[in-house]
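Participant:
There are 6 protein chains.
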Amino acid sequence: MFIKKYFEEIKLEENRITLGRTITETDIVIHAGQSGDFFPHHMDEEWCKTQPFKKRIAHGTLIFTIAVGMTAQLINEVAMTYGYERLRFTKPVFIGDTIKVKVSIKEKKDHKKPNYGLVTELVEVFNQHEELVMLCEHILMVERKSQA
Amino acid sequence: MFIKKYFEEIKLEENRITLGRTITETDIVIHAGQSGDFFPHHMDEEWCKTQPFKKRIAHGTLIFTIAVGMTAQLINEVAMTYGYERLRFTKPVFIGDTIKVKVSIKEKKDHKKPNYGLVTELVEVFNQHEELVMLCEHILMVERKSQA
Amino acid sequence: MFIKKYFEEIKLEENRITLGRTITETDIVIHAGQSGDFFPHHMDEEWCKTQPFKKRIAHGTLIFTIAVGMTAQLINEVAMTYGYERLRFTKPVFIGDTIKVKVSIKEKKDHKKPNYGLVTELVEVFNQHEELVMLCEHILMVERKSQA
Amino acid sequence: MFIKKYFEEIKLEENRITLGRTITETDIVIHAGQSGDFFPHHMDEEWCKTQPFKKRIAHGTLIFTIAVGMTAQLINEVAMTYGYERLRFTKPVFIGDTIKVKVSIKEKKDHKKPNYGLVTELVEVFNQHEELVMLCEHILMVERKSQA
Amino acid sequence: MFIKKYFEEIKLEENRITLGRTITETDIVIHAGQSGDFFPHHMDEEWCKTQPFKKRIAHGTLIFTIAVGMTAQLINEVAMTYGYERLRFTKPVFIGDTIKVKVSIKEKKDHKKPNYGLVTELVEVFNQHEELVMLCEHILMVERKSQA
Amino acid sequence: MFIKKYFEEIKLEENRITLGRTITETDIVIHAGQSGDFFPHHMDEEWCKTQPFKKRIAHGTLIFTIAVGMTAQLINEVAMTYGYERLRFTKPVFIGDTIKVKVSIKEKKDHKKPNYGLVTELVEVFNQHEELVMLCEHILMVERKSQA
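Chains as they are written, first to last, in my numbering: chain A, 15 to 162; chain B, 15 to 162; chain C, 15 to 162; chain D, 15 to 162; chain E, 15 to 162; chain F, 15 to 162.
#1: For a contact meaning CB atoms closer than 7 angstroms, what does C/Thr40 contact in chain E?
#2: Keeping to the same chain, check which residues put their C-beta closer than 7 angstroms to that of A/Val107; ignore five residues upstream and five downstream.
#3: What are the residues of the segment 41-57 of chain A that lie near chain E, defined by any Cβ-Cβ distance shorter than 8 angstroms?
#4: Residues of the segment 69-84 of chain C with a CB closer than 7 angstroms to any CB of chain D: list them in chain order, please.
#5: If you follow the alpha helix (DSSP H) that C/His45 is part of, which residue opens it and which one closes it?
#6: What residue ranges within the segment 66-118 of chain E form continuous alpha helix (DSSP H) runs of no fewer than 4 residues, ordered along the chain?
#7: Chain A beta carbons: is any one of them nearer than 8 angstroms to that of F/Arg35?
#8: Based on DSSP bridge pairs, tell me the residues matched to A/Gly131.
#9: Does the segment 82-93 of chain E come within contact of the segment 48-66 of chain F, defined as at least 3 CB pairs closer than 8 angstroms?
#10: Does A/Leu154 pass the burial test, meaning 16 or more other C-beta atoms within 10 Å, or should it be called exposed?
#11: Which residues of the segment 89-116 of chain E have a Cβ closer than 8 angstroms to any Cβ of chain G? Give them in chain order.
#12: For F/Glu59, would you say it is in contact with chain D, using Cβ-to-Cβ distances shorter than 8 angstroms as the test?
#13: Going by Cα to Cα distance, which pick from E/Gly110, E/Lys18 and E/Glu22 is closest to E/Lys122?
#14: Mark C/Thr134 as exposed unless 16 or more other C-beta atoms lie within 10 angstroms of its C-beta, in which case mark it buried.
#15: If you drop the 5 nearest sequence neighbours on each side, which residues of the same chain put their C-beta closer than 6 angstroms to that of B/Glu39?
#16: Hey, A/Arg102 and A/Leu136: beta-carbon distance below 8 angstroms or not?
#17: From D/Thr90 to D/Phe16, what distance separates their C-alpha atoms?
#18: Compare the Cα-Cα distances from F/Glu157 to each of F/Gln65, F/Glu138, F/Asp124 and F/Ile80 and report the closest residue.
#19: Should A/His143 go down as buried or exposed, given a rule of 16 or more other Cβ atoms within 10 Å for buried?
#20: Using DSSP's beta-bridge definition, name the partner residues of B/Val147.
#21: Relative to the C-alpha of D/Lys116, which candidate in D/Glu28, D/Ala93 and D/Tyr20 has its C-alpha closest?
#22: Closest to A/Thr104 by C-alpha separation, out of B/Thr75, B/Lys69 and B/Met94, would be which residue?
#23: Leaving aside the five residues before and after D/Ser118 along the sequence, list all residues of the same chain whose C-beta is less than 6 angstroms from its C-beta, in chain order.
#24: Using the Cα positions of D/His56 and D/Lys68, report the straight-line distance between them to the nearest angstrom.
#25: Alpha carbon to alpha carbon, how far is F/Glu138 from A/Lys19?
#26: Determine which residues share a DSSP beta bridge with B/Glu138 and list them.
#27: Starting from D/Gln142, find everything on chain F with Cβ-Cβ shorter than 8 angstroms and list it in chain order.
#28: What does the alpha-carbon distance come out to for the pair E/Ala46 and A/Gly47?
#29: Tell me, which residues are paired with E/Phe16 by DSSP?
#30: From A/Leu132 to D/Thr75, what distance separates their C-alpha atoms?
#31: Bridge partners for D/Thr64 per DSSP, in chain order?
#32: Kindly indicate the opening and closing residues of the beta strand (DSSP E) around B/Ile31.
#33: What number of angstroms, rounded off, separates the C-alpha of A/Arg35 from the C-alpha of C/Glu60?
The following block contains the structure:
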């Protein structure tokens, strides 16, 4: 659904939490196939048994992809992605883990173009044990209503 | 293939360029299916015709996924990903564009753990017109040989 | 997102229209692979050239799957699918066609369980030429607020 | 394989039963990706544990798609799908369940076009416990031999 | 469908031809993802333009997979695959080509187990120009009826 | 990565072993979808329980596809596939098995074109119990350096 939410209408600390999604073996196999990354960390159960983490782990790019996708609900016509900062994978995600994403407004800043502002969303991904498994900052350029 | 390349062995400015890969409609459809992001920017050709970019564009997370995957050739057993910084999507990638990835060593820094160093790889993605379409910094923690 | 919308709150003639989605060759190939239906109508471009419709056409089950999926936005916790009636494929959908779905409340009826009512949604799928390509009736059992 | 089986050659009560197919987690994940329906009923194992059915369940459209696909063996050149009626999902299908489809000729009727008749196939899907999990009526327009 | 066709019932020169199937970009992308083979011959349209064959070509293993799959219609309960010989890829298959498979009984031989015989099927794959693009010999062990 | 390794530079007995890869249910489901082979040996867990091998087994073409793909690391610009011989599936591969591929140079022969030689690679696939599950001979035409 398209919405228009202007820079002035975005409030600091405002947050939302997505539904959950279980990360499956299928997700990992399809992601290997899309990315071309068949590293044994993701694809070789026998080798993983010999490693500290013991089990196959999801690709970082898979968790990032799914987390960003889970937040893609409403299309804000007056905002666009500027970039991502501080992307960190803080714990491995295993097959069968269920993740949720929390998005909070962390910062609002001026942009050199006067009719835009910069909004920093903190994106945090938690597993079913409420452990943080990934985080990043999503920077958005958002139109100012006063200038529209 | 597993290798061991220690912090001391990584040289500033060293770089490598991957083979190319054409981004297909299939990649976008599979990525929508994996991420759950069916925004019309990627999925609705008719709507895209009414927009400035005119054509369906690849998801940012798709380009990031494929670019990171294209660089996943050798498994350096003494390095691990610490995170990513400054991820930017500088130009849209369209169906039929062919991308290559250049990875250059941009910075080497100490880490608080004395047997590790931090290495910053600059990851740049170019299309078939040699235009930069994505860039980011990949931060790696790498073991020091002297401490191994 | 979970919502609670009770039988009494659903109004006759109320309707909503989804975003659009372009049906791709990829959708057809993946659907053949999921369904196991590799009939030449969907998979053999040469044979299709000899037929009245001239081009490969989407599986009916693909259009039904995507149309139902496109309407799956909000999770109404007090409703559940009872079934579908009068599913018709009124025109072929070709690769490159873009579809939208219109859902309208067509009928409300009592159910033998007094704390439920039956709601009939008319589901209509249109292509980019505003031609009706599929329609069906989706029957839902919805809790009555008065009985909740 | 193409065949020609005319209206007169189709006998009431005639039936056939397909081979079996196990419904996998992969089927559900691919179906979510194709349909765009990521409802927690199908995708969130943790949430499902809190629900009466306890486990992730297959999408209705997935069971319909696979069931119809399983019956797509012979291509009757003188028949075409008119539509489906009374589609019901009578029991949930879980990951690991194995389904078979029984198709029986339920009814034969005249059609307003004199060189066609309408045939109603009853399509019933059973799981490995012989429980009915889905049923529908498939209506076909079939050419009459006498008019061909 | 299960059948029983014994060694004695298989006739030399007997042959069958499958329906056709168009090889799509999707098939190649999914095959790269399944095999892990992202060689530029299949994935890099720009590089292919510089090569004698000018266009992306299907993986040999893709054509073999699809050809063998296209012949998998009836399940002969008294036969099992012994192996394949003389697999050759005689012409490239491009995106958009449509292939058919012809299977002919080429040879029947004794097997050291007296209740089995060896049957050699010649498998030939043709494109829409009736050019041979792949061939191989499929060796089957088939039970003898006389010994059953 | 592109390399040039001429006929003279390939040594008899030379061998290499790939990383491992776990064969998943996902691989089988995707392979069925790509090949169109939905035989119950791969897809029907209930039927498999009644068979000597007890569990679903991977398609032969899946193991061949993955094995060949696992060896596709370096692109030798002066070699091309001539064909495959003696492809045998010596043991079933089950869901959860992990395979590795060993490639050894078995034979070098002259070719009628004097600037080429024929190289036979023995391709052997082993499971996690070091059992041979597949083997074949890969025949390559390789340029002679002396003639280049």
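Ideal placement from N, C-alpha and C gives every residue a C-beta, glycine not left out.
Computed from a prediction, not measured in an experiment: that's the story for all the values here.
Facilitator: The short version:
#1: Under the 7 angstroms cutoff, chain E gives Thr40.
#2: Counting only Cβ-Cβ distances below 7 angstroms, and skipping sequence neighbours, we find Ile37, Ile71, Ala72, Ile77, Ile113, Asn141 and Val147.
#3: Residues of the segment 41-57 of chain A with a Cβ closer than 8 angstroms to any Cβ of chain E, in chain order: Ile44, Ala46, Gly47, Gln48, Gly50 and Phe52.
#4: For the segment 69-84 of chain C, the beta-carbon criterion of a distance under 7 angstroms to any beta-carbon of chain D is satisfied by Gly74, Thr75, Phe78, Thr79, Ile80, Val82, Gly83 and Met84.
#5: Per DSSP, C/His45 belongs to the alpha helix (DSSP H) from Glu39 to Ser49.
#6: Counting only runs of 4 or more, we get 74-84.
#7: Using a Cβ-Cβ cut-off of 8 angstroms, F/Arg35 counts as an interface residue toward chain A, since at least one Cβ of chain A sits closer than that to its own.
#8: Bridge partners of A/Gly131: A/Asp124 and A/Val156.
#9: Yes: at least three Cβ pairs fall under 8 angstroms.
#10: With 16 or more Cβ atoms within 10 Å of its Cβ, A/Leu154 is classed as buried.
#11: Here the protein chains are A, B, C, D, E and F, and chain G is not one of them.
#12: Chain D contact via Cβ: present.
#13: Checking every option, the nearest Cα to that of E/Lys122 belongs to E/Glu22.
#14: Buried is the call here.
#15: Cβ neighbours of B/Glu39 beyond the five flanking positions: Ile109.
#16: No, Cβ-Cβ distance for A/Arg102 and A/Leu136 is not below 8 angstroms.
#17: Reading the sequence as shown, one finds Asn at residue 90 of chain D and not Thr. Cα-Cα distance, rounded: 6 angstroms.
#18: Taking only the C-alpha atoms, the option nearest F/Glu157 is F/Asp124.
#19: Exposed, since its Cβ has fewer than 16 Cβ neighbours within 10 Å.
#20: Answer is none; B/Val147 lacks a bridge partner.
#21: The shortest Cα separation from D/Lys116 among D/Glu28, D/Ala93 and D/Tyr20 belongs to D/Glu28.
#22: Of the listed residues, the one whose Cα sits closest to A/Thr104 is B/Met94.
#23: Taken in chain order, the residues that qualify are Asn29 and Leu136.
#24: Distance from the CA of D/His56 to the CA of D/Lys68, rounded to the nearest whole angstrom, comes to 11 angstroms.
#25: Cα to Cα, F/Glu138 sits roughly 60 angstroms from A/Lys19.
#26: Paired residues: B/Lys116 and B/Leu149.
#27: Listed by position along chain F, the residues whose Cβ is nearer than 8 angstroms to that of D/Gln142 are Glu60.
#28: Roughly 7 angstroms separates the two Cα atoms.
#29: Looking at the DSSP assignment, E/Phe16 forms a beta bridge with E/Ile89.
#30: It is roughly 42 angstroms from the alpha-carbon of A/Leu132 to the alpha-carbon of D/Thr75.
#31: Beta-bridge partners of D/Thr64 (DSSP): none assigned.
#32: That run of the beta strand (DSSP E) goes Asn29 to Ile31.
#33: Between the alpha carbons of A/Arg35 and C/Glu60 lies a distance of about 42 angstroms.
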